[in-house]
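Going by the working numbering, the sequence shown opens with residue 148, and the numbers climb by one from there. Beta carbons are placed, not taken as given, at the ideal position from N, Cα and C, and that holds for glycine. Note that the coordinates shown come from a computational prediction; the quantities given were computed from them, not determined experimentally. Worksheet: one structure, shown below.
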Amino acid sequence: MKKRFLCVACCCMLFSASLSAQDVLNAELAQRVDNIAKTIKSDEKSAAKEFDGLLKGKNKKNIPLLVAIGQAYLENDMPAEAQAYADRALKVDSKSSQAYLFMGDVALAGKNVGKACGYYEQAILFDADCSEAYYKYARAYIGVNPQLSIDMLTRLKTNHPENIDVDRELANVYYTMGNYSQAKSAYDDFMAQGKPGLQDYMQYSMLLYLNKDYQKSLDMTAKGLAEDANNHLLKRLKMYDLYELKSYKDGLAAADAFFQDPTNPDYVYLDYLYRGRLYLADKQTDKAMESFNKALELDAKKEHPEVAKEASEAYESLQNYPEAIRLYQIYLDAVGDKAEISDLFLLGRLNYMAAGMTEQTEENKKAYLTKADEVFAEVSQRVPDNYLGYFWRARTNAMADPETVDGLAKPYYESALAILEKNPNSSKSIMIECQSYLGYYYFLQKDYDQSKIYWDKILVLDPENATAKQALEGLNSMKKAAAQKAN
């Protein structure tokens, strides 16, 4: 859950890297290109004429100038014109890595990833040190075939092990792949040897959080917030990290700082979920429930059913079983066929607990018990070799028949005990509960011999069990009295 959301939360992070040395346009020409570029949209013909004027004389074969002009058109959404200048640059020098690099940019703007990367490979062919081509190739394939991105960056790292920025790029690729461990490892190297900026602190602290290194993540958020005290992502991570570190008071203070602007559209369900967790840990239950409900509201499409499950658990801890059941049913409806047997079992248990509440009508109690029985029956049908379905169905029926008048729980305690007795590692307390019920049931039926069997079994498990001893003493007394009466 967390991983899926946080990948989305971090998608705004941009790749950054040092570029290799290309032929650079001199400052005067660069400024003139920039000034003309501002007029492309308003006066295209005049701009084209001025660009032609720049390319007179000695600048006619100036590849950096041709590329700069082409780039100006590309940035103004005029790919055909950009392509024309890319072709001119390549015509000047068919082995120019800079020309091939721009050809790739034009192709990529047209969403032709394969063609673009072909040009980037040509740029590398003619200049093995053209790091920009490596980076652009890697970025182009990151959402298509990230392994190709890794292969290209690994080539660059092999050729230039001193280029620590490659580690940052590798971290970005691994991050996109969801391989947070390798992403962190790559970022470790960059952060130790490179010159990290705000974006790096954001990305790295996120990776540390995803790798559950909460203290180090918190340390990195502190460094990032020192550069930008209002950074939304870092304030969010600080709140998350403090909760995970069980620093609840500090976490609530961080949450207050994070939620200073209630109109911020960038708050997401996980923010409110964490705030609810912090409130709950601090025993501010009303505020916790408000936050959980807000998290549910932001997850209107039920894309994160675990929110409803966690909210249900919170209500269960407060012994508000009706609300816990309502939320748990939302969770089950959302996961559908993906629900585990354990999920189904927990629904039955919630209904059982609800039935045990003191302040409720007999009608409600019966409804909860009926639902619990149905659920535990399904559990026992789906996993017939597991005692839990039978055992909890026994408890449910025992609650429905508190005086053991009808012996409703008997067949289920018998089934549970039969399974438990086959496993030498079974819980003694659970076995004793089964045997106690059956011993008492047969006592009420005046089948004293059968009753004694179960009390004796209990003493084998627990020789000092007071209830069993008392029951056996009672049985012996009754037998003696019966014998005396018979005589």
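I believe VAL180 touches ALA219 by the beta-carbon criterion, under 8 Å. Please report the beta-carbon distance rounded to the nearest angstrom.
6 Å
Could you check whether TYR601 and GLN582 sit closer than 7 Å to each other, using their CB atoms as the reference points?
yes
Alpha helix (DSSP H) containing LYS393: first to last residue?
Careful: LYS393 lies outside any alpha helix (DSSP H) and carries neither H nor E.
Measure the C-alpha to C-alpha separation of LEU491 and SER574 and round it to an integer number of angstroms.
22 Å
Comparing alpha-carbon positions, which option in SER332, ASN377 and GLU374 lies nearest LEU355?
SER332
So, at 6 Å on beta carbons, what are the nonlocal neighbours of VAL291 in its own chain, with the 5 sequence-adjacent residues on each side left out?
VAL260
At the level of alpha carbons, what is the spacing between SER278 and ASP360?
32 Å
GLY483 versus VAL320, LEU619 and GLU450, residue with shortest Cα-Cα distance:
GLU450
Taking the alpha helix (DSSP H) that LEU354 falls in, what are its first and last residues?
345-357
Between ARG496, TRP539 and GLN269, which lies nearest to SER241 when the distance is taken from Cα to Cα?
GLN269
So, at 6 Å on beta carbons, what are the nonlocal neighbours of TYR589 in its own chain, with the 5 sequence-adjacent residues on each side left out?
GLN597 and SER598
According to the Cβ coordinates, are TYR475 and SER459 closer than 7 Å?
yes
Any idea if ALA168 is buried or exposed, counting beta-carbon neighbours within 10 angstroms, 16 or more meaning buried?
Interpretation of ALA168 is limited by its pLDDT of 39, a score under 50 that renders its predicted location unreliable; the figure taken from the coordinates is listed afterwards. Exposed, since its Cβ has fewer than 16 Cβ neighbours within 10 Å.
At 4 residues or longer, and completely inside the stretch 545-574: list those alpha helix (DSSP H) runs for me, N to C.
557-567
Give me the Cα-Cα distance between ASN378 and ASP446, rounded to the nearest whole angstrom.
24 Å
Own chain residues within Cβ distance below 8 Å of PHE439, not counting five before or after:
TYR419, LEU420, GLY423, VAL454, GLU457, ALA458 and ALA461
Let me confirm a value: ALA565 is counted as buried when at least 16 other C-beta atoms fall within 10 Å, else exposed. Which label applies?
exposed
Which one of ALA373, LYS363, ASP298 and LEU381 has the shortest CA to CA distance from LEU392?
LYS363
Under 7 Å between C-beta atoms of LEU494 and VAL530
no
Here's the rule: buried if 16 or more other CB atoms are within 10 angstroms of the residue's CB, otherwise exposed. What is ALA194?
buried
Could you tell me which of ARG315, VAL253, SER244 and MET349 sits nearest to ALA280, measuring between CA atoms?
SER244
Runs of alpha helix (DSSP H) lying entirely within the stretch 261-297, each at least 4 residues, in chain order
278-288
Would GLN230 and VAL214 be called neighbours here (beta carbons separated by less than 7 Å)?
no
Contacting residues, own chain, Cβ-Cβ under 6 Å from GLU197 (five flanking each side not counted)
ILE183
State yes or no: is the C-beta of ILE297 within less than 7 Å of the C-beta of VAL313?
no
Under the three-state DSSP convention, the category GLN617 falls into
helix
Using DSSP with H/G/I as helix, E/B as strand and the rest coil, what is GLU463?
helix
Does the distance from the C-beta atom of LYS385 to that of ALA373 stay below 7 Å?
no
For PRO469, the three-state DSSP class (helix, strand or coil)
helix
Tell me whether ASP347 is buried or exposed, calling it buried when 16 or more other Cβ atoms sit within 10 Å of its Cβ.
buried
Sorted by chain position, which residues of the same chain lie with C-beta nearer than 6 Å to ASP336's C-beta, five sequence neighbours on each side aside?
ASP314
So that I know if they touch, is there some Cβ in chain D lying closer than 7 Å to that of MET299?
Although the question refers to chain D, the structure presented lacks it and comprises just one protein chain.
Give me, in chain order, the residues of the same chain whose beta-carbon lies closer than 8 Å to that of TYR414; leave out the 5 immediate sequence neighbours on both sides.
PHE406 and LEU445
Where do the ends of the alpha helix (DSSP H) carrying PHE439 lie?
432-445
Assuming ALA227 and LEU237 make a contact with CB atoms under 8 Å, what is their CB distance in whole Å?
In fact, because the Cβ distance is near 16 Å, the residues do not count as touching under 8 Å.
Can you tell me whether LEU381 is buried or exposed, with buried defined as 16 or more other CB within 10 angstroms of its CB?
buried
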